[in-house]
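Protein chains in written order, with the working numbering: chain A, 13 to 182; chain B, 28 to 203.
Please read the structure below before turning to the comments.
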Amino acid sequence: MTSNSQPTNDAASGLGLAILRIALGVTVLATWWGNVGDDFYSADGLRGFFDWAFTPAEEGGNGSSLGIVESIIDGTVLQAPGLFGFLQTVMELLIGLGLLFGVFTRFFGFLALLFFGGLFLTYFGGEEWIWTYVILMAGALAVFLGRAGRTLGVDQVLAVRGPSSLRMLW
Amino acid sequence: MNLPSLRPMHPPRWPLALARMAMGLLWLGSLRWKLPPDFDGNGETSLRTWLELEVEHPFLSVYGELIESVVLPNFTLFAWLVFLSELGVGIALLVGAWTEVAAVVGLLMSINLGIGLLEVPGEWPWSYAMMAMWHGTLLVSGAGLLWGVDGWRKDRSTSTVSNASTAGPTGPKDTP
């Protein structure tokens with residue numbers, strides 16, 4: 013069902029996606045700031061988080077149920093939690109800033125989609141309300157597909173002035 | 028830099044239409060722990076328990092008092108209101124019917140949830156901020172016009188108007 017009178021691409025959806033992008037950026041930055049204050053990104057912080065995530069709910073954990081995700085995390089992140097913690101700190105900060113200001117929005121939108129997807133898989137099957145991560149993934153996907161930085165964002169300038177070889181970033 | 032010459036891009040609407048349906052499913056899915064007639068949790072935390080948690084951990088004391096003195100004593104009435112509101116918003120967003128109205132109601136319900144659950148342990152307040160933001164986005168973006176009843180209704184009304192204008196004036200013609 014598509015309205016013929018209203019084109020499927022229009023300014024209203026551009027504004028909607030811009031609101032979405034800015035809200036996602038604020039959410040990521042606010043959470044990042046809280047996590048920095050809580051020392052979440054340290055080696056102990058990350059180790060503690062993943063321990064909690066995969067501990068059964070009756071023992072006080074989240075009770076996440078995807079064993080394959082646990083194996084991957086055991087074999088990668090938890091082999092060098094200090095390094096991954098640092099990378100996570102930088103990545104979340106850049107995602108937040110990129111989305112907030114609409115800079116390289118397609119790139120950071122895609123990165124955000126992977127990040128939220130990772131969280132979705134980590135929490136899946138546990139006590140955590142999984143729809144939170146569906147909402148976040150839907151937001152990141154819409155921002156990525158809709159090139160949401162081209163309304164009320166720096167990408168609006170880059171789309172006109174930036175090198176065409178890098179167009180896929182915005 | 029000649030900013031006025033920069034025109035914002037008009038992005039596709041289909042990601043928003045998909046998100047609209049996902050939000051509809053979210054509301055419909057959340058009905059499973061508040062089903063009438065007894066509104067118990069079907070093995071999950073029930074609506075009454077959530078309300079009691081809001082009273083125990085109020086973000087605004089007046090809100091907690093309102094729940095305790097008005098909502099909980101009239102639980103069945105409010106449970107029906109919550110159930111019907113979420114059902115209505117869920118269906119409307121899923122099928123894209125009266126999307127703006129559903130988005131406003133969904134926005135208010137998200138804000139209500141956020142205020143009520145902000146201080147409840149284990150709740151991530153940004154979940155409700157994101158829900159509110161999504162409904163704000165659906166409100167302004169015409170998300171029901173693609174793959175939705177709103178688009179179909181708009182097409183029908185447009186074709187009715189254009190048929191009327193091409194048919195020309197009707198009614199008895201003056202005889203010479």
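Even for Gly, the Cβ is constructed at its ideal location relative to N, Cα and C.
Since this is a predicted model, take the numbers as computed values, not measurements.
Cβ-based neighbour list, residue i, same chain, cut-off 7 Å, excluding 5 preceding and 5 following
| i | result |
| --- | --- |
| A/ALA55 | PRO93, GLY94, GLY97 |
| B/THR72 | TRP60 |
| A/ILE85 | PHE62 |
| A/GLU139 | ALA69, ASN74, GLY75 |
| B/ARG183 | none |
| A/GLY108 | GLY37, VAL40, LEU41, TRP44 |
| A/PHE156 | ARG118, GLY121, PHE122, LEU125 |
Any non-hydrogen atom of the ligand NAP closer than 7 Å to residue i Cβ
| i | result |
| --- | --- |
| A/GLY79 | Of ligands this structure carries none, so the ligand NAP is not represented either. |
Cutoff 6 Å; reference residue i; Cβ partners in own chain excluding five residues on either side
| i | result |
| --- | --- |
| B/ALA119 | TRP125, ALA129 |
| A/GLY7 | It is not possible to answer for residue 7 of chain A, since the shown part of chain A is limited to 13 through 182. |
| A/GLY174 | none |
| A/GLN100 | TYR53 |
| A/ASP51 | GLY57 |
| B/ASP177 | GLY123, THR126, GLY171 |
| A/GLY46 | none |
| B/MET28 | Unreliable positioning characterises B/MET28 in this predicted model, as indicated by a pLDDT of 46, which lies under 50. The coordinate reading is nonetheless provided below. Contacts found: none. |
| B/TYR155 | SER137, LEU140, GLY141 |
| B/GLY143 | GLU81 |
| A/GLN18 | Caution applies to A/GLN18, whose pLDDT of 48 falls short of 50 and renders its modelled position unreliable; the value that the coordinates give is listed next. Correct list: empty, nothing qualifies. |
Selection from the options that minimises the alpha carbon distance to residue i
| i | options | result |
| --- | --- | --- |
| B/ALA159 | B/TYR90, B/VAL147, B/GLY171, B/GLY141 | B/GLY141 |
| A/ALA171 | A/ALA69, A/VAL115, A/GLY75 | A/VAL115 |
| A/ALA30 | A/GLY75, A/GLU82, A/GLY37, A/LEU164 | A/LEU164 |
| A/ALA124 | A/LEU58, A/ALA152, A/TRP182 | A/ALA152 |
| B/GLY175 | B/VAL188, B/GLU127, B/LEU108 | B/GLU127 |
| B/VAL82 | B/SER184, B/HIS162, B/VAL98, B/ARG183 | B/VAL98 |
| A/VAL40 | A/GLY158, A/LEU126, A/LEU112, A/VAL166 | A/LEU112 |
| B/TRP236 | B/GLY163, B/VAL122, B/LEU166 | Chain B is shown only over 28 to 203; residue 236 of chain B falls outside these bounds and no answer can be derived. |
| A/ILE34 | B/LYS181, B/TRP161, B/VAL116 | B/TRP161 |
| B/VAL109 | B/GLY91, B/LEU93, B/MET157, B/GLY133 | B/GLY133 |
| B/PRO152 | B/THR164, B/TRP77, B/ILE138 | B/ILE138 |
| A/GLY60 | A/SER77, A/VAL89, A/ALA160 | A/VAL89 |
| B/MET48 | A/MET180, A/ALA150, A/SER177, A/GLN168 | A/ALA150 |
| A/GLY130 | A/GLN168, A/ALA154, A/GLY28, A/LEU78 | A/LEU78 |
| B/MET50 | B/GLU92, B/LEU78, B/THR185, B/THR164 | B/THR164 |
| A/MET162 | A/SER177, A/THR144, A/LEU148, A/LEU181 | First, the amino acid is wrong: residue 162 of chain A is Arg here, not Met. Comparing Cα positions, the closest option is A/LEU181. |
Residues near residue i by beta carbon distance below 8 Å, same chain, minus five either side
| i | result |
| --- | --- |
| B/THR202 | Residue placement at B/THR202 cannot be trusted, given a pLDDT of 41 that sits under 50; the coordinates are not used to answer. |
| B/SER168 | ARG40, LEU43 |
| A/ILE142 | PHE132, TYR135, PHE136 |
| B/ALA111 | This sequence places Leu at residue 111 of chain B; Ala is not what is there. The answer is none, since no qualifying residue turns up. |
| A/MET103 | LEU123, PHE127 |
| A/VAL48 | THR101 |
| A/VAL146 | PHE132 |
| B/LEU30 | Low per-residue confidence applies at B/LEU30: pLDDT is 48, beneath 50, and the placement is therefore not dependable enough to give any value. |
| B/THR76 | GLY68 |
| message | Using a Cβ distance threshold of 8 Å, determine whether the region 75-88 of chain B contacts the region 136-150 of chain B, with at least three qualifying pairs required. | response | yes
| For the region 38-102 of chain B, which segments carrying the alpha helix (DSSP H) assignment without a break, of at least 4 residues, lie completely within its bounds, in sequence order? | Qualifying alpha helix (DSSP H) stretches, in chain order: 41-56, 74-83, 88-93.
| In chain order, which alpha helix (DSSP H) runs of at least 4 residues are fully inside the region 85-114 of chain A? | 93-113
| Can you list, in chain order, the stretches of the beta strand (DSSP E) that have 3 or more residues and sit fully within the region 102-184 of chain B? | none
| request: Tell me the start and end of each unbroken alpha helix (DSSP H) in the region 35-61 of chain A that is at least 4 residues and wholly inside, in chain order. | output: none
| request: Inspect the CB distances between the region 57-72 of chain A and the region 118-125 of chain A and report whether three or more fall short of 8 Å. | output: no
| query | Would you say the region 22-41 of chain A touches the region 166-180 of chain B, given that touching needs at least three Cβ pairs under 8 Å? | reply | yes
| Between the region 47-55 of chain B and the region 88-104 of chain B, do at least 3 Cβ pairs fall closer than 8 Å? | no
| Which runs of the alpha helix (DSSP H), 4 residues or longer, sit entirely within the region 115-160 of chain A? | 117-135, 143-157
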